[in-house]
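> Letter 2 of the sequence shown, counting from 1, is numbered 16 in the working numbering, and no numbers are missing. Attaching a single structure in structure tokens format; questions to follow.
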Amino acid sequence: MEKQLATPIYILSGFLGSGKTTLLQRLVNDWQEQGLRPAVIMNEIGDVNLDGLLVEKRVPMTELLSGCICCSIRGDLSMEMAGLIEREHPDVIVVEATGIANPMEILDGVTEAALYMKIDLKGVITVVDSAYLLELHREQKGKTFRLMQEQIRAASCLVLNKTDRIDADGQEELRSIIARWNSFAPVLPAVRCEVNIGDMLASLGGKIRRPEMPGHRTGETETAGEREHDGGGAHSRAHSHTHHDHVMVYTHYLRGPVDSGEFERFVAGLPREVYRAKGVLTFSDTASRFLFQYAFREPDFLRITPQGEVPDVVVFIGEHFSKSAIEEGMRALER
Ligand SMILES: Nc1nc2c(ncn2[C@@H]2O[C@H](COP(=O)(O)OP(=O)(O)OP(=O)(O)O)[C@@H](O)[C@H]2O)c(=O)[nH]1
């Protein structure tokens, strides 16, 4: 029998809208240029996978929808991985987790898969939205802040993304915050995840590491706010699922084209509780379709020609927002 090599696995973590798909595209391009065959496992909390539209059609991809990889569909992860390896024999697999996933839980899922599959877990790459983290750190509160902290702690490598949205002082401040939470992972500042992929992957040559526990740190002390969000330093797995309780998703399928100006005004007026949105829209005043993105109050539109059947749909993700208010607003646009 042919001896099968272990398939390298990378986990892509980072809060909603931080830039994971942007980095995934770069990774995939880089591997393809080297003649390698990457495959992707994507996980979305919504019931549509819009990020998939951004990944090249030639790349084998499986999707885990309508749940977070780290809890409700964790068992599916190893099954999907086994299926993907058997069907496609990829040279490497990237698992892009939902932005609300706790990377430690995904690590457990992948480790579980390693029991009956030849895989080689290379590391957790965490993408950080610099502006968002800076704001949350200054406020020192919220489950989102705590989750970002966990994602940073679990990282084997950190991409400090969206540095175009902060100044040099902000970048210094972030570096010292991150160094307190994770002093091992190399930190790569970037705009649109433009990092040297070769260097980044080389830094992940080694093993996955467990995050540092606040109580085990040496040197610097944590701030009161950090301590509060760690539950007094007892960073426990018992807390690991609570961060999902507050996340809500509303998926709105559009009945038809909407006016682009009106849509932009609607987006500008979204409540702060909606921290991520994405969708595919047809505008009545332009000819083509657009992939719409909204992350940390910044909208983005990309002209696209989707292959196959893709409905006009917008997914809104956030905390405790009024789904009916969003629905009403969207319905008004459709009229
Ligand atoms: N200003 C700015 N925007 C960025 C940067 N990197 C990515 N974006 C934008 O941020 C939005 C989200 O990027 P994605 O790569 O889709 O983020 P993600 O982490 O995959 O998002 P989820 O899958 O929803 O968790 C898109 O509109 C990107 O164009 C950056 O460095 N600066």
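Heads up, the beta-carbon is just placed ideally off N, CA and C, and yes, glycines get one too. Owing to the predicted nature of the structure, the values given are computational and were not obtained by experimental measurement.
1) Looking only at its own chain, which residues have a Cβ that is under 8 Å from the Cβ of Gln307, when we skip the five neighbours before and after it?
2) What number of angstroms, rounded off, separates the C-alpha of Leu188 from the C-alpha of Asp178?
3) Taking the alpha-carbon positions, what's the Glu236 to Arg194 distance?
4) Heavy atom of ligand 1 less than 7 Å from the Cβ of Ser27, yes or no?
5) Taking C-alpha atoms, which residue in Pro74, Ala115 and Met93 lies nearest to Val106?
6) Leaving out the 5 sequence neighbours to the left and right, which residues in its chain are closer than 8 Å to Glu102 when beta-carbon positions are compared?
7) So, for Leu218: in the same chain, excluding its five sequence neighbours on each side, which residues have a beta-carbon less than 8 Å away from its beta-carbon?
8) For Met118, write down the residues that DSSP places opposite it in a beta bridge.
9) Rounded to a whole number of angstroms, what is the C-alpha to C-alpha distance between Leu68 and Leu174?
10) How long is the line joining the alpha carbons of Leu38 and Asn63, rounded to whole angstroms?
11) Considering only the beta carbon of each residue, do Glu323 and Val272 sit closer than 8 Å?
12) Does the beta-carbon distance from Met214 to His266 come in below 8 Å?
13) Going by the CB atoms, is the gap between Ala168 and Met298 shorter than 8 Å?
14) Specify the secondary structure class of His103 as computed by DSSP and reduced to three states.
15) Thinking just about the alpha-carbon of each residue, which of Asn116, Pro104 and Glu70 is nearest to the one in Phe29?
16) State buried or exposed for Phe198, treating a residue as buried only when at least 16 other CB atoms are found within 10 Å of its CB.
17) Near Gly184, what residues of its chain come up, given a Cβ to Cβ distance below 6 Å and the 5 sequence neighbours on each side ignored?
18) By the 10 Å Cβ neighbour count, where 16 or more other Cβ atoms means buried, how is Ser302 classified, buried or exposed?
19) In this structure, how does DSSP classify Val42 when only helix, strand and coil are distinguished?
20) Indicate the three-state DSSP secondary structure (helix, strand or coil) for Asp183 in the structure shown.
21) Go ahead and pull the three-state DSSP assignment for Gly212.
22) Identify every residue that forms a DSSP beta bridge with Ile292.
Checking against the coordinates, here is how it stands:
1) Locating residue 307 in the sequence shown gives position 293, where the first residue counts as 1. Excluding positions up to five away in sequence, the list reads Gly31, Ala291, Lys292, Pro313, Asp314, Phe315 and Leu316.
2) Position 174 of the sequence shown, counted from the start, is the residue given in the question as residue 188. Position 164 of the sequence shown, counted from the start, is the residue given in the question as residue 178. The straight-line gap from Cα to Cα measures roughly 14 Å.
3) Here residue 236 is taken as the residue at index 222 of the sequence shown, counted from 1. Here residue 194 is taken as the residue at index 180 of the sequence shown, counted from 1. In this predicted model, Glu236 has a pLDDT of only 40, less than 50, meaning its place in the structure is not dependable; the value taken from the coordinates is given anyway. Cα-Cα distance, rounded: 7 Å.
4) As a first step, residue 27 is located in the sequence shown; it is residue number 13 there, counting from the start. Not under cutoff, so the answer is no.
5) Sequence index remark: in the sequence shown, residue 106 carries index 92 (1-based). It is Pro74 whose Cα lies nearest to the Cα of Val106.
6) By 1-based counting over the sequence shown, the position of residue 102 is 88. Once the five neighbours on either side are set aside, the close Cβ partners of Glu102 are Arg51, Ala53 and Pro74.
7) Within the sequence shown, residue 218 is the residue found at index 204, counting from 1. The answer, listed in chain order, is Tyr24, Lys136, Gly137, Ile139, Ser170 and Cys171.
8) Locating residue 118 in the sequence shown gives position 104, counting from the first residue. Note: Met118 sits in no beta bridge, so no partner.
9) Counted from its first residue, the sequence shown places residue 68 at position 54. Counted from its first residue, the sequence shown places residue 174 at position 160. Cα to Cα, the separation comes out at about 21 Å.
10) Walking along the sequence shown from the start, residue 38 turns up at place 24. Walking along the sequence shown from the start, residue 63 turns up at place 49. Distance between the alpha carbons of Leu38 and Asn63 is about 15 Å.
11) Along the sequence shown, one-based indexing puts residue 323 at 309. Along the sequence shown, one-based indexing puts residue 272 at 258. Contact: no.
12) Residue 214 sits at position 200 when you count from the first residue of the sequence shown. Residue 266 sits at position 252 when you count from the first residue of the sequence shown. No.
13) In the sequence shown, the residue the question calls residue 298 occupies position 284. In the sequence shown, the residue the question calls residue 168 occupies position 154. A small fix is needed here, since residue 298 is Ser in this sequence, not Met. For Ser298 and Ala168, no; Cβs fall outside 8 Å.
14) To locate residue 103, count along the sequence shown from 1; it is residue 89. Coil, per DSSP.
15) For the purposes of this step, residue 29 is identified with residue 15 of the sequence shown, where counting begins at 1. For the residues Asn116, Pro104 and Glu70, the minimum Cα distance to Phe29 belongs to Asn116.
16) Numbered from 1 along the sequence shown, position 184 holds the residue referred to as residue 198. Result: exposed.
17) As a first step, residue 184 must be located in the sequence shown, where it is residue number 170. For Gly184, where only same-chain residues beyond five positions count, the Cβ hits under 6 Å are Leu148.
18) On the sequence shown, position 288 is the one that residue 302 refers to. Per the 10 Å Cβ criterion, exposed.
19) If you number the sequence shown from 1, residue 42 lands on position 28. Taken through DSSP and simplified to helix, strand or coil, Val42 comes out as helix.
20) Against the sequence shown, residue 183 aligns to sequence position 169. Judged by DSSP in its simplified three-state form, Asp183 adopts helix.
21) Position 198 of the sequence shown holds residue 212. Of the three classes helix, strand and coil, the one that applies to Gly212 here is helix, per DSSP.
22) Counting from one through the sequence shown, the residue named residue 292 turns up at place 278. Note that residue 292 is Lys in the sequence shown, not Ile. Its beta-bridge partners are Gln307 and Val329.
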